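Residue numbers (our numbering): 81 to 764.
The C-beta atom is built at its ideal place from N, Cα and C for all residues, glycine as well.
Keep in mind the model is a prediction, meaning the values are calculated, not measured.
These notes are about the structure you will find just below.
What follows is the structure, encoded as structure tokens:
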């Protein structure tokens with residue numbers, strides 16, 4: 081038996097790319113094994129045999145990490161297998177989903193599932209790149225109706241300070257339709273250059289896929305697309321004529337919808353004949369919103385195209401928290417709360433690609449009440465929460481101080497209280513305010529704004545919108561989020577509902593976004609001009625010192641005896657964290673206890689040298705000498721012969737317990753310190 085393999089090769093970043101199609105996973109509509117260097121993935125695409133009832137296209141994308149891909153056996157101690165997808169895997173799923181989805185016909189009602197499984201990871205070539213390419217190739221050669229292929233590439237460059245900035249651009253041949261960008265105050269011109277560089281590489285990978293499709297691609301299946309009933313369509317259009325605008329402006333759209341259904345019921349239009357009403361209403365509303373902006377520059381709420389909604393900010397809302405910030409933009413409201421902790425609170429992240437610790441986290445919550453809806457409380461974050469939180473974290477991460485500058489673990493929780501567009505950028509703004517309120521020494525304000533796009537059906541006309549709200553996000557063609565300081569960009573994320581955007585649109589959107597960002601930052605600066613000088617009295621205070629690595633065990637003591645004793649002596653109200661490098665962090669809310677423990681550790685780790693003069697009390701008298709407490713659990717011995725010049729019959733003839741003496745170190749042998757009083761004058 082043979083697997084009937086066909087192999088196609090190209091190159092990206094001087095590394096070979098291989099696409100292999102065989103009989104493996106043969107029951108899927110198509111399956112591809114893609115390799116970039118020694119990173120390998122399996123991409124499968126499956127379409128159901130029947131249409132599904134509903135008013136949306138049912139597409140799911142799963143990105144499956146396999147620990148064996150990186151030669152690891154990880155997981156909990158009791159469950160050594162992959163479980164719930166990591167946040168990183170969910171973000172990779174979203175990356176693929178956001179790129180392929182715009183190229184499906186939204187009227188399709190067959191379930192489509194894309195699964196990308198990482199088989200091997202070489203720690204050099206990003207699985208996202210080959211995963212997206214393989215998923216695109218599988219869709220393109222399958223019989224599933226789709227308007228690809230697409231491709232994506234990662235661009236890594238350095239700014240004028242030598243700091244790396246990373247971006248991921250993806251899209252079809254003529255456009256870019258998905259962007260992820262992160263850097264430290266990167267100029268718009270640099271982002272535009274990355275766009276152009278990426279697009280050239282994308283086009284090369286699409287040419288490669290087209291060759292594969294021409295050789296082995298299947299004919300696309302003739303699948304029914306959802307079309308509304310013509311009679312119902314005519315009745316709906318007639319009833320809503322002239323009513324969509326007022327309903328959107330006055331937030332009575334749901335009332336319009338209810339009135340429409342009552343009207344149709346009065347005409348005895350019921351049951352199956354009403355299934356198309358939602359789709360028709362959505363289509364007509366979409367047309368209305370586009371026409372109002374493209375032809376008349378009229379937005380739903382009457383703003384100018386580049387106008388931002390009313391802004392409001394506040395800090396210090398919650399007394400006992402370490403920092404809090406509220407940011408309001410129109411109807412969108414986000415409350416961010418910052419919590420500070422010692423390094424022991426760092427999050428251990430074990431994934432296929434890496435095992436790391438996170439000292440900065442941002443968690444985003446989106447409860448149903450924020451949109452005025454009734455819903456179940458989720459037991460964990462969904463893909464939306466993870467994606468929005470990751471974007472806000474990316475936007476703020478660039479200016480988070482190093483551990484050396486600020487030795488805290490930082491967690492922000494962004495609570496969406498009300499949502500009407502761009503809660504992720506509101507989370508960025510609220511998060512920045514809460515960081516400054518908490519005394520985290522970030523040097524500049526970071527603000528964010530969401531840009532929108534309305535294009536004509538032929539794509540020749542377009543208008544860019546600043547600070548899109550709900551209807552403009554829902555019916556618009558682009559959600560383009562840009563965050564940064566006054567001096568540059570820290571994060572970009574873009575999704576579209578059309579085929580993509582050109583470099584011209586990208587450049588204009590960046591320019592308009594900068595104007596909006598600067599305006600928002602101006603308001604934030606009035607709320608809190610700079611980070612507070614000190615952390616909250618309720619936050620832990622941290623002191624740190626460096627000890628020799630070979631003395632870590634000595635500080636800890638047998639079974640943790642020494643370190644536990646220091647903590648116990650501080651009423652168990654402090655924590656002591658010791659890193660492998662020898663860095664020691666002492667943390668606690670009570671600064672007096674922190675300083676006491678710090679001084680104890682410092683004294684215990686003090687390294688003495690021969691010839692050094694030390695002072696301490698006599699704590700024990702022996703037959704042959706006296707023991708001096710040198711502090712920090714260390715001591716030294718004065719031999720009877722070193723108590724004074726001449727013969728000494730009894731130690732007590734010279735010193736007694738409790739006497740404070742000044743002595744000279746005359747020898748150090750395996751941690752034992754020998755002292756002398758000779759020649760130092762008065763013993764006390």
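Spatial distance of residue i from residue j (CA atoms)
{"i": "residue 497", "j": "residue 516", "result": "21 Å"}
{"i": "residue 134", "j": "residue 594", "result": "40 Å"}
{"i": "residue 656", "j": "residue 664", "result": "7 Å"}
{"i": "residue 463", "j": "residue 228", "result": "24 Å"}
{"i": "residue 711", "j": "residue 680", "result": "8 Å"}
{"i": "residue 127", "j": "residue 218", "result": "12 Å"}
{"i": "residue 510", "j": "residue 612", "result": "16 Å"}
{"i": "residue 706", "j": "residue 718", "result": "5 Å"}
{"i": "residue 98", "j": "residue 119", "result": "10 Å"}
{"i": "residue 296", "j": "residue 92", "result": "22 Å"}
{"i": "residue 242", "j": "residue 694", "result": "48 Å"}
{"i": "residue 359", "j": "residue 605", "result": "44 Å"}
{"i": "residue 246", "j": "residue 287", "result": "25 Å"}
{"i": "residue 597", "j": "residue 587", "result": "15 Å"}
{"i": "residue 754", "j": "residue 484", "result": "37 Å"}
{"i": "residue 470", "j": "residue 746", "result": "60 Å"}
{"i": "residue 475", "j": "residue 193", "result": "31 Å"}
{"i": "residue 168", "j": "residue 404", "result": "27 Å"}
{"i": "residue 226", "j": "residue 200", "result": "28 Å"}
{"i": "residue 584", "j": "residue 560", "result": "14 Å"}
{"i": "residue 580", "j": "residue 251", "result": "7 Å"}
{"i": "residue 317", "j": "residue 262", "result": "45 Å"}
Residue range of the unbroken alpha helix (DSSP H) whose run includes residue i
{"i": "residue 514", "result": "503-517"}
{"i": "residue 279", "result": "268-296"}
{"i": "residue 604", "result": "583-607"}
{"i": "residue 366", "result": "357-376"}
{"i": "residue 230", "result": "From DSSP, residue 230 is part of no alpha helix (DSSP H); its letter is neither H nor E."}
{"i": "residue 326", "result": "324-329"}
{"i": "residue 760", "result": "Per DSSP, residue 760 belongs to no alpha helix (DSSP H) and is neither H nor E."}
{"i": "residue 621", "result": "Premise fails: residue 621 lies in the beta strand (DSSP E), 621-626, not in any alpha helix (DSSP H)."}
{"i": "residue 346", "result": "333-346"}
For residue i, the nearest candidate out of the options (CA to CA)
{"i": "residue 428", "options": "422, 437 and 676", "result": "437"}
{"i": "residue 537", "options": "313, 366 and 382", "result": "366"}
{"i": "residue 267", "options": "253, 569 and 378", "result": "569"}
{"i": "residue 379", "options": "325, 485, 160 and 399", "result": "325"}
{"i": "residue 623", "options": "671, 741 and 143", "result": "671"}
{"i": "residue 339", "options": "320, 703, 328 and 206", "result": "320"}
{"i": "residue 757", "options": "749, 741, 747 and 558", "result": "741"}
{"i": "residue 232", "options": "172, 204 and 272", "result": "172"}
{"i": "residue 523", "options": "639, 230, 531 and 513", "result": "513"}
{"i": "residue 271", "options": "408, 298, 564 and 82", "result": "564"}
{"i": "residue 541", "options": "198, 373, 716 and 446", "result": "373"}
{"i": "residue 738", "options": "317, 698, 704 and 760", "result": "698"}
{"i": "residue 285", "options": "237, 261, 215 and 333", "result": "215"}
{"i": "residue 508", "options": "449, 413, 545 and 308", "result": "413"}
Per-residue burial, residue i [other beta carbons within 10 Å of its own, 16 or more giving buried]
{"i": "residue 433", "result": "buried"}
{"i": "residue 764", "result": "Unreliable positioning characterises residue 764 in this predicted model, as indicated by a pLDDT of 48, which lies under 50. The coordinate reading is nonetheless provided below. Label assigned to residue 764: exposed."}
{"i": "residue 465", "result": "buried"}
{"i": "residue 279", "result": "buried"}
{"i": "residue 633", "result": "exposed"}
{"i": "residue 650", "result": "buried"}
{"i": "residue 505", "result": "buried"}
{"i": "residue 618", "result": "exposed"}
{"i": "residue 376", "result": "exposed"}
{"i": "residue 696", "result": "buried"}
{"i": "residue 87", "result": "exposed"}
{"i": "residue 609", "result": "exposed"}
{"i": "residue 136", "result": "exposed"}
{"i": "residue 300", "result": "exposed"}
{"i": "residue 248", "result": "buried"}
Span of the beta strand (DSSP E) around residue i
{"i": "residue 217", "result": "Counting along the chain, residue 217 falls outside any beta strand (DSSP E), though it belongs to the alpha helix (DSSP H) covering 207-221."}
{"i": "residue 438", "result": "435-438"}
{"i": "residue 88", "result": "86-92"}
{"i": "residue 529", "result": "527-535"}
Contact with chain D by residue i, beta-carbon distance below 8 Å
{"i": "residue 346", "result": "Chain labels in this structure do not include chain D; a single protein chain is all it has."}
* To do: Tell me the start and end of each unbroken beta strand (DSSP E) in the region 540-569 that is at least 3 residues and wholly inside, in chain order.
  => 542-546 and 558-565
* Considering only residues of the region 113-186, which uninterrupted beta strand (DSSP E) runs meet the minimum length of 3 residues and lie entirely inside it, listed in chain order? -> 119-131 and 139-144
* Which runs of the beta strand (DSSP E) spanning at least 3 residues fall entirely within the region 701-753, listed in chain order? -> Listed in chain order, the complete beta strand (DSSP E) runs (minimum 3 residues) inside the region 701-753 are 705-711, 714-719 and 740-749.
* Runs of alpha helix (DSSP H) lying entirely within the region 659-704, each at least 4 residues, in chain order -> 671-684
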